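Shown next, in structure tokens, is the structure this report addresses.
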Amino acid sequence: MRVTVLAAAAPAAEPSCYSRLRNEWFCLDYVTDRREEILDAAGEHLTITVLAVALGVALAVPLALLARRLPRLESTALGLSTGLYTIPSIALFPLLVPFTGLTMTTVVIGLGLYALTVLVRAFLEGLRSVPEDVREAARGLGYGAGRLLVRVELPLALPVVVAGLRVATVSTVALTTVGSLVSYGGLGNLIRDGVTTNFRAELLVASVLCVVIAFALDALLVLGQRALTPWTRAAGGARR
Numbered sequence: 001m002r003v004t005v006l007a008a009a010a011p012a013a014e015p016s017c018y019s020r021l022r023n024e025w026f027c028l029d030y031v032t033d034r035r036e037e038i039l040d041a042a043g044e045h046l047t048i049t050v051l052a053v054a055l056g057v058a059l060a061v062p063l064a065l066l067a068r069r070l071p072r073l074e075s076t077a078l079g080l081s082t083g084l085y086t087i088p089s090i091a092l093f094p095l096l097v098p099f100t101g102l103t104m105t106t107v108v109i110g111l112g113l114y115a116l117t118v119l120v121r122a123f124l125e126g127l128r129s130v131p132e133d134v135r136e137a138a139r140g141l142g143y144g145a146g147r148l149l150v151r152v153e154l155p156l157a158l159p160v161v162v163a164g165l166r167v168a169t170v171s172t173v174a175l176t177t178v179g180s181l182v183s184y185g186g187l188g189n190l191i192r193d194g195v196t197t198n199f200r201a202e203l204l205v206a207s208v209l210c211v212v213i214a215f216a217l218d219a220l221l222v223l224g225q226r227a228l229t230p231w232t233r234a235a236g237g238a239r240r
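Counting in the UniProt record's numbering, the sequence shown runs from 1 upward without gaps.
Here's what the structure looks like:
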């Protein structure tokens, strides 16, 4: 006697939305499956951006103060910062590699130098925006040069400085992706891989996260300015 067994064929598993068969732009499976990789890249991106902007500020402040103290050096300081910005990143990073190696430091230094072109001008213009009669009043109260700078000039220059800092920060978020040239580009590494392999979900997620980081840092700077300069809100309310 022949026994025939009929087995129902199990349906084939549907390929993932980020597989080569589908390769969709919007794919939550990719975010779930690669969550740690994405978070690591975003964390690296944020770290590089913050360190680069901090380095830019640390270099821009003394340059701006020197240019203000010695006006004949102002054009030199501005020209130097602009000249550094014109160096293509594809050339600047390899120039730094012999000194700093294929490390995050290479990217941070390069981006910090790029930020100077905005930050030096922002600090100079901010200091110029302080009314001279305010300086004279502070000197009349016995303020020395250092105290005058910290207690009077920098707080009053803050709105102009923060405006420049916002531009420098957002542009640095974008430029950090170029760090993928030395494998330290944060989300830029994912963007590079996405472009190379036509990996749509990876490309989209990394690009969107760059925008999110830029908006978040910009919002933090705005909130920080409002907290540190309450008199600007009072002046705005009085005008209304």
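Cβ atoms here follow ideal geometry from the backbone N, Cα and C, with glycine treated the same way.
Because the structure is a prediction, the values reported are computed rather than measured.
Report all residues from its chain with a CB closer than 7 Å to the CB of residue i; omit the five preceding and five following residues, and keep chain order.
i, result
"V222", "none"
Considering only residues of the same chain and omitting the five flanking positions on each side of residue i, which have a CB-CB separation below 6 Å?
i, result
"A64", "V120, F123 and L124"
In angstroms with no decimal places, state the Cα-to-Cα distance between residue i and residue j.
i, j, result
"A216", "L127", "27 Å"
"residue 241", "L78", "Given that the chain is displayed from residue 1 to residue 240, the structure contains no residue 241 and the question cannot be resolved."
"P230", "S183", "42 Å"
"E36", "T177", "19 Å"
"A138", "R147", "9 Å"
"L195", "S171", "The sequence shown places Val at residue 195, rather than the Leu named in the question. One C-alpha to the other measures close to 21 Å."
"R192", "T100", "23 Å"
"G188", "G140", "53 Å"
"D33", "R72", "58 Å"
"P94", "V160", "34 Å"
With DSSP collapsed to three states, give me the class of residue i.
i, result
"P131", "coil"
"T197", "helix"
"F123", "helix"
"G101", "coil"
"W25", "coil"
"P88", "coil"
Quick one: what's got a C-beta closer than 8 Å to residue i's C-beta in the same chain, skipping five residues either side?
i, result
"L6", "With a pLDDT of only 41 at L6, under the threshold of 50, the placement of this residue in the model should not be trusted; the figure read from the coordinates follows. The answer is none, since no qualifying residue turns up."
"T130", "The question names Thr, yet the displayed sequence has Val at residue 130. Same-chain partners within the cutoff: V152, E153, L156 and A157."
Quick one: does residue i have its CB under 7 Å from some CB of chain C?
i, result
"L116", "Protein chain content of the structure displayed is limited to a single chain, and chain C is not contained in it."
* Asked: What runs of the alpha helix (DSSP H), each 4 residues or longer, lie entirely inside the segment 138-185?
  -> 145-148 and 154-175
* Can we say the segment 50-67 touches the segment 95-111, given the rule of at least three CB pairs closer than 8 Å? -> yes
* Can you check the segment 25-65 for any alpha helix (DSSP H) of at least 4 residues that lies completely inside it and give the ranges in chain order? => 28-33
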